[in-house]
Every structure is written in structure tokens, then in C-alpha cells.
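Chemist:
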Amino acid sequence: MRFSRRNRYSVVFPTGVTYTNAISICRRCNPPDLQTALSILNIATRDGVKIGLITYSAAIWTAERCGDYLAAISLLDDLIEAGIVPNSVTYDGVISACATGGRRVDALRLFEDMKRDGVTPTPVTYKSLTAAVMNSNTTFEEKTSVLEQIIINMDRSERHVKISGPIFESLIRTFGTNRQYKDARRVFNMIEGPTNAGCLSAVLYACSAANPSRWRDATDILHSSDIVAGASGPARIESLALSYAVIACARENEWKEALNLIDLYGLPNRIIPRESRSEWDQKSYPVVSVDALNSIIAACGRSGCPDMAVKLLNEMPSKYGVCADDRSYRSAIIACNQAEHEKQRQIRIKSELKTNGSSTRGGREHASAYIEKTVHTNKLNLQWWECALSLLRRMKEEELKPDPQTYSSVISACEAAGQWQRALGILRSMSKDSTIGRATPPNLFCVNAAISACEKGGAWLEAFELYERMKNRGGAVRPNFITISSLLIALESAGQRELAENTYKEALREGMVSPWKKRIDIDGQTMRMMDLHQYSAPMAKIAVRSVIESLLKPRCAHDISKDFVVIVGRGKGSEGGRPVLLPVIQQMLQSEFGVMSNIDESNSGRLRVKREELESFVKRKGWRL
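Using the UniProt record's numbering, the first residue of the sequence shown is number 1, and each one after it goes up by one.
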């Protein structure tokens, strides 16, 4: 309307600025209109309007928004042919269009032209160039080599994060993802001047992803970079950077150091109500991620501090402003499970010390000191299986869905405490619980833990029922070695010898157990031996008994013309470091079959029954044909 009123008195012809504004409107449209922008450019050329750098740049950025890298390159060529020298804005638009179109080679060529023409790259240049390289269909080595070469060719003035921060951040994070911490740190050290939030987060991510994690380096970097431009928080530390440093500490079980970092950099002096927080408080709260807190909970569990794991879980909303997720509860429940198993192990050790260590004065003193220590560390006599159950209930109340690992950890905690009824109840609830949406099918770990709980509680019938149900149901959950081991212990303890032997033979036929292995004998020759490593005492007895009894049948399991060698182990993996299977098998062979066995001279972890003993046994029985 203003233009029409002005035109009443005199004709006002459009200028280059007019066409530039019109093209800019095409760029800002949603979606952008490249065809109209090009038409406007052609009209300007036809009308003899002098088109300048700004007009061409507006058209190039319109092509960039449309993702048309060919149009952007064509416009750049037209600009150069017109004798116009492109600037950084022009090159940035074309390089960004090539990056969007996956044209890595074209983007790198344009970057070289830009440097050759003396045009100074901008942060947009390096950001677009990084995207072009990282999104290309090339190998990890090619990508990192190209980016690192770009950094090497930079002037020192360009190695500041305000200019080339995107390329530094991307290269550091790429090395970190590939667990090449030394390369990530080397690139980080090439930065001139102070770092920024992105580069700090990238190098701390590399610390956390390294194997083992570089938690000391992470804390040193964090302490020396306590002021980051653009970051917000009590100590001006970017929240993602703090989270990665915390994860690095937690991965190496340095949970105390992780909590110290949060106290130093992640918490205000007091918890401030949301409406009363300052502007930076509003933006940065919370200043540590839920993943970082979850890693601390898991580290507490691995370090034998379940009380701290549960305490941290309870404090997540109030102290850290973070809502617990399913992983938070899972890590805390796993910590409770591990604590319950450790508690039961200490009870067994104390019992052994009272029995075996009281015969001498030194043994009595050692037993007394150990009992005093364990009583001191668990004054409240906490029932960790109850804590695991409570956390599971609370998890469901908060409408979080437990996964099979969470359920199996709760069942395992009940199993360690001998609470077999509770274990069965949880297993059954997995298929019936509707409070969390859909049911969670139990996995093999859940069923095995429930069978083991029944074994410890003397409920052999329930254990056998679970085994039969799992075997007959089909599907992916099938019995394995651990299933058979727990079931045979339950049956043997209940005096169900025949059922236990039949179950073992069935497992042998199905390939769930395979005791026969080829090993090198004393004479250097390969020999077929029965390897009972990982076998429980009841299962080992059934395995050896089945072999000896088969010698009296037409199809025997061992050739009596050769020695029968049983690998029982030296007891390195058992509590106290004493052999468990050796005396059990030796006594059983003597008492049940009258067969003498001796410890192998070349290997104290093997029992050897001479072929003469086997032949004598068969001859005495007189049943062999």
C-alpha cells in the first residue's frame, strides 16, 4: 500500500536491496521457496539490476534451507563468473548445503577454495564441515584423519573454541566413542585458550568411556576447568560435563569421589524452591543427569555399600532434583541382592570358623576377631531381601515397569535368605501382575533363582514342578546346567535318589550337562576324562555313580581297559580354598562300590581309578557279560 501511494507521484524502481529482501522472504517461508527465489534473481538480471554479494548469498542460503546443494554450487559459480568475491557467509551457505546433501568431497573442496581465497572460516564453517565429514559414508579412520588434518592446518588464532569449537568437540567425542582416550586428550590439548561446554563434555565423555575409565584425569580436568563460558550451575560447570565426570568415577567404583564432585559443582547451598530460583538456577536445575546418579548407585552396590545405594535412591528427588527411573531401582535392588548373598556368605564363614577354628588358640582368636568385625559392620542386622522386595513394590507404585533382571535380583535375594515361598510368589506375579501394564515373562535367571530358593528351603517338589513346567512349555526359556545343578541338590537332600539319577541321565541325553572332556594325561597322551569343575557335590556323586553302575551293563560309559580319571579340582574356587569334591567322591567310591581311588601324582586336582580296580569291581559283581 505504501509503494502504491508513492507510485502515484513518481515511479519507484526496485533496487538490489529490494530483490535481496524478496529472496530473503522466500528463504524464511515454511517451506522455503527456492524456485521463486531463483525467478526473482533472473528477473533482476533481466531488468539490468546490479546483483551484489548479499543478493547471491541470500539465494544460496535459500538453496541451503531446501537442501539443494547443486543449486547452491551453481549460484556460487555464477557469483564468481560475475566477478564478485565470495565472503564467509557465501561459503558457509554452500558448505552447509553440501553437508546436508552428504557431499563430503565438495564441502572439503570448497573449504580449500575458501582458505586459498583468504576468507577466514567462521564457527558456522567448521560446524558445517564437521557435519559433512561425520555424516559421510567413510570409515572411522578416514573421518578422524580428515578432521585432525583440518585442525593441524589451522593457525593458532583459529584453534579457539569460539571459532573452531564444533570440529574440536566432534573429533574428541568420536575418539571417546571408539575408546581412544589418548587421542581424545591429545586433540583436547591442542585447543588454544579456555575451553567451552561442548569440548569439556566431550573430553570428560572420553574419560568415562575409556576402559578402564580415567576417573583421575576426569577430576583433574573438571577442577582445572571450573569456569566455562555459557555454562550454568553453582560453579559454572555444564551439567553434561559434570555427569560424565561422575560416571567416570563411578565406573571404577570411586563413588565417594563422584559424590564429592556433585557436592562441589552440582548442588546449590540449599535446595531452593523453583519459584524462588535465580535465572541460572532455573536453567541448570538439575545439574546432574539421572544416568550419573544411577552409575553411583551401581558403584555403591559393587563396593558392598547397599545402604548408600538405597540412601541415594531415596534422595534423588529431594536432594538432586532428579526422578528415579527403572534403572535406578534396578541398580539399588541388585545392590540389595549382592548384600544378602554376602551376608549369608559371612554367616557360613563364621560357622566354619567356630567349628574348625576353635581347636587351637590362634583359631579361636581369629574366629572371635572375624565375628566381632562382621557384627560391627551390620549392627542393625538388616534383611536385604526385605529391602529388595520393598523397592520392587515401590517401583510398581510409581508405575515403573521392572524388567526380568530386576525380578531375578529380587528372587535371588529371597533365595539367598531361604525365603522360597516369597521367591515363588514373585515368579508367579510376573505373569499375573497387571498394575504395570502388561506382564513380564520370566527369563531363565528368574526360574533358576526360584529353583535354587526351593532347594535351599527343602521344597524339592516345587523345584521339580518348576523344572517340568519349564521343560514342557517350550520356547526360549529352557533348562541349563545351573537348573539341573540346583534341582539335583534339592532331590539329593530330600532323599529322592532315583528321581535325581533319572533327571541327570535325561539332562545328559539332552546335552544340558556334558562331563566328558579330552585332556592330556600323565604320559602326554590325550585321554577322555570326567571333568566335574562347576559341579556341586550331589551332582558330582550322581555323575560318577552313573559311570560306575554303567560298567555292569552291556553299554558302559567307560572303557574298563583304561584308567578312570575324574577331574575334581584343587578347591581354588571354593570358600576357604579347600577341595570339596575330592574327599566326597573318594569316600563315595569306597563306601558304595568298594573301589579305591588315588590322587593323581601329576595333578592334585584329579582322582585316578586304576583299570585293575575297575576290572576287579566288575569281576566281584559278576553281572557283566
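Don't be surprised by glycine CBs; every beta carbon is placed ideally from N, CA and C.
Quick caveat, the model's predicted, so the values are computed rather than measured.
#1: Using C-beta distances below 6 Å, list every residue in its chain close to Pro407, excluding the 5 sequence neighbours before and after it, in chain order.
#2: What is the rounded straight-line gap between the Cα of Gln419 and the Cα of Gly457?
#3: Quick check on DSSP: helix, strand or coil for Asp92?
#4: Can you give me the start and stop residues for the beta strand (DSSP E) that Asp68 sits inside?
#5: Kindly indicate which residue of Glu352, Pro306 and Ser328 has the alpha-carbon position closest to the one of Cys336.
#6: What's the C-alpha gap between Lys162 and Tyr126?
#7: Which stretch, first to last residue, makes up the beta strand (DSSP E) that contains Asp531?
#8: Can you find the residues in the same chain that come closer than 6 Å, C-beta to C-beta, to Asp521, ignoring five residues on each side of it along the sequence?
#9: Quick one: is His558 buried, meaning 16 or more other Cβ sit within 10 Å of its Cβ, or exposed?
#10: Does the beta-carbon distance from Ile60 to Asp106 come in below 8 Å?
#11: Need the endpoints of the alpha helix (DSSP H) that Arg185 sits in, please.
#12: Just list the residues that DSSP pairs Asn598 with in beta bridges.
#13: Under the assumption that Ser486 contacts Ile451 (Cβ atoms under 8 Å), give the Cβ distance between them as a whole number of angstroms.
#14: Hey, how far is the Cα of Leu614 from the Cα of Lys518?
#15: Measure the CB-CB distance between Ala122 and Ser88 and report whether it falls below 8 Å.
#16: So what does Phe564 bridge to, in DSSP terms?
#17: Could you give the distance in angstroms between the alpha-carbon of Arg327 and the alpha-carbon of Arg428?
#18: Tell me which residues share the same chain as Glu169 and place their Cβ nearer than 6 Å to its Cβ, disregarding the 5 neighbours each side in the sequence.
#19: Run through the DSSP bridge pairs and tell me what Ile520 is partnered with.
#20: Would DSSP call Asn603 helix, strand or coil?
#21: Determine the contact status of Ala417 and Glu340, defining contact as a CB-CB distance below 8 Å.
#22: Would you identify the three-state DSSP class for Asn480, choosing helix, strand or coil?
#23: Under 8 Å between the Cβ atoms of Ile585 and Lys619?
#24: Where do the ends of the alpha helix (DSSP H) carrying Ala416 lie?
#25: Going by the CB atoms, is the gap between Ile95 and Pro86 shorter than 8 Å?
#26: Please report the Cβ distance between Val580 and Ala537, rounded to the nearest whole angstrom; I am assuming they are in contact, meaning their Cβ atoms lie under 8 Å.
#27: Pop quiz: Leu607 and Ser597 are said to be a contact at Cβ under 8 Å. What is the actual Cβ separation, rounded to whole angstroms?
#28: Please go through the same chain and pick out, in chain order, the residues whose beta-carbon is closer than 6 Å to the beta-carbon of Gly176, but skip the five residues on each side of it.
#29: Counting pairs of Cβ atoms below 8 Å between the region 474 to 481 and the region 491 to 502, do you hit three or more?
#30: Would you mind sorting Lys143 into buried or exposed? The rule is 16 or more other CB atoms within 10 Å of its CB.
#31: Considering only the alpha carbon of each residue, which of Arg545, Lys553 and Lys562 lies closest to Gln525?
#32: Can the beta-carbon of Thr503 be found less than 8 Å from the beta-carbon of Ile489?
#33: Quick one: is Asp92 buried, meaning 16 or more other Cβ sit within 10 Å of its Cβ, or exposed?
#34: Terminal residues of the continuous alpha helix (DSSP H) containing Ile25?
#35: Check whether the Cβ atoms of residue 646 and Tyr56 sit closer than 8 Å, and answer yes or no.
#36: If we ignore side chains and look at the alpha-carbon of each, how far apart do Ser602 and Arg570 end up?
Modeler: According to the data block:
#1: For the purposes of this step, residue 407 is taken as the residue at position 407 of the sequence shown. The identity of residue 407 in the sequence shown is Tyr, whereas the question assumes Pro. Once the five neighbours on either side are set aside, the close Cβ partners of Tyr407 are Met430 and Cys446.
#2: By one-based count along the sequence shown, residue 419 stands at place 419. By one-based count along the sequence shown, residue 457 stands at place 457. For Gln419 and Gly457, the distance between alpha carbons rounds to 7 Å.
#3: Residue mapping note: residue 92 aligns to position 92 of the sequence shown, counting from 1. Helix at Asp92.
#4: Position 68 of the sequence shown holds residue 68. Run containing Asp68: none; DSSP gives neither H nor E here.
#5: The sequence position of residue 336 within the sequence shown is 336, counting from 1. Of the candidates Glu352, Pro306 and Ser328, the one whose C-alpha sits nearest the C-alpha of Cys336 is Pro306.
#6: Looking up residue 162 in the sequence shown gives position 162. Looking up residue 126 in the sequence shown gives position 126. CA-to-CA, the gap between Lys162 and Tyr126 works out to about 11 Å.
#7: As a first step, residue 531 must be located in the sequence shown, where it is residue number 531. For Asp531, the enclosing beta strand (DSSP E) begins and ends at Thr526 to Asp531.
#8: Residue 521 sits at position 521 when you count from the first residue of the sequence shown. Answer for Asp521: Met527, listed in chain order.
#9: Translated into the one-based positions of the sequence shown, residue 558 becomes position 558. Under a 10 Å Cβ-count criterion, His558 is classified as buried, with 16 or more other Cβ atoms of the shown protein chains found around its own Cβ.
#10: To locate residue 60, count along the sequence shown from 1; it is residue 60. To locate residue 106, count along the sequence shown from 1; it is residue 106. Their beta carbons are not under 8 Å apart, which means Ile60 does not touch Asp106 by this criterion.
#11: For this step, residue 185 is matched to residue 185 along the sequence shown. Judged by DSSP secondary structure, Arg185 falls within the alpha helix (DSSP H) whose first and last residues are Tyr181 to Asn189.
#12: The residue given as residue 598 occupies position 598 in the sequence shown. According to DSSP, Asn598 shares a beta bridge with Arg608.
#13: As a first step, residue 486 is located in the sequence shown; it is residue number 486 there, counting from the start. As a first step, residue 451 is located in the sequence shown; it is residue number 451 there, counting from the start. At roughly 5 Å, the Cβ-Cβ gap stays under 8 Å, so Ser486 and Ile451 are in contact.
#14: Counting from one through the sequence shown, the residue named residue 614 turns up at place 614. Counting from one through the sequence shown, the residue named residue 518 turns up at place 518. Each residue's Cα considered, the two are about 20 Å apart.
#15: Working through the sequence shown from its first residue, we reach residue 122 at position 122. Working through the sequence shown from its first residue, we reach residue 88 at position 88. It should be noted that the sequence gives Thr, not Ala, for residue 122. Contact flag set, yes.
#16: As a first step, residue 564 is located in the sequence shown; it is residue number 564 there, counting from the start. Beta bridge pairing from DSSP links Phe564 with Val609.
#17: Counting from 1 along the sequence shown, the entry for residue 327 is found at position 327. Counting from 1 along the sequence shown, the entry for residue 428 is found at position 428. Those two C-alpha atoms are separated by around 22 Å.
#18: Stepping through the sequence shown from its first residue, residue 169 is reached at position 169. Hits under 6 Å: Gly198, Cys199 and Ala202.
#19: Within the sequence shown, numbered from 1, the residue matching residue 520 stands at position 520. Per DSSP, Thr526.
#20: Position 603 of the sequence shown, counting from 1, holds the residue named residue 603. Asn603: coil per DSSP, three-state reduction.
#21: Against the sequence shown, residue 417 aligns to sequence position 417. Against the sequence shown, residue 340 aligns to sequence position 340. With a cutoff of 8 Å on beta-carbon distance, Ala417 and Glu340 are scored as near each other.
#22: Walking along the sequence shown from the start, residue 480 turns up at place 480. In the structure shown, Asn480 sits in coil (DSSP, three-state: anything other than H, G, I, E or B).
#23: Taking the first residue of the sequence shown as position 1, residue 585 is located at position 585. Taking the first residue of the sequence shown as position 1, residue 619 is located at position 619. Note that the C-beta distance between Ile585 and Lys619 is not below 8 Å.
#24: Looking up residue 416 in the sequence shown gives position 416. Where Ala416 is concerned, the enclosing alpha helix (DSSP H) stretches over Pro404 to Ala416.
#25: Here residue 86 refers to the residue found at position 86 of the sequence shown. Here residue 95 refers to the residue found at position 95 of the sequence shown. Against a cut-off of 8 Å, the Cβ pair of Ile95 and Pro86 comes out as no contact.
#26: Here the question's residue 580 lines up with position 580 in the sequence shown. Here the question's residue 537 lines up with position 537 in the sequence shown. Contact holds; Cβ gap of about 6 Å.
#27: For the purposes of this step, residue 607 is taken as residue 607 along the sequence shown, with counting starting at 1. For the purposes of this step, residue 597 is taken as residue 597 along the sequence shown, with counting starting at 1. About 5 Å; that satisfies the 8 Å criterion.
#28: Your numbering for residue 176 matches position 176 in the sequence shown. Contacts found: Ala184, Tyr205, Ala206 and Ala209.
#29: Three or more Cβ pairs closer than 8 Å define a contact, and the region 474 to 481 falls short of that threshold against the region 491 to 502.
#30: To locate residue 143, count along the sequence shown from 1; it is residue 143. Lys143 counts as buried, since at least 16 other C-beta atoms from the protein chains shown sit within 10 angstroms of its C-beta.
#31: Locating residue 525 in the sequence shown gives position 525, where the first residue counts as 1. Per the Cα distances, Lys562.
#32: As a working note, residue 503 is residue 503 in the sequence shown. As a working note, residue 489 is residue 489 in the sequence shown. No; because the gap between Cβ atoms is not below 8 Å, this pair is not in contact.
#33: Here residue 92 refers to the residue found at position 92 when the sequence shown is read from its first residue. Buried: at least 16 other Cβ atoms inside 10 Å.
#34: On the sequence shown, residue 25 is found 25 positions in, with the first residue counted as 1. Run containing Ile25: Gly16 to Arg28, per the alpha helix (DSSP H) assignment.
#35: Because residue 646 is not part of the residues shown, which for the chain are 1 to 625, the question remains open.
#36: Taking the first residue of the sequence shown as position 1, residue 602 is located at position 602. Taking the first residue of the sequence shown as position 1, residue 570 is located at position 570. In a straight line, the C-alpha of Ser602 is about 13 Å away from that of Arg570.
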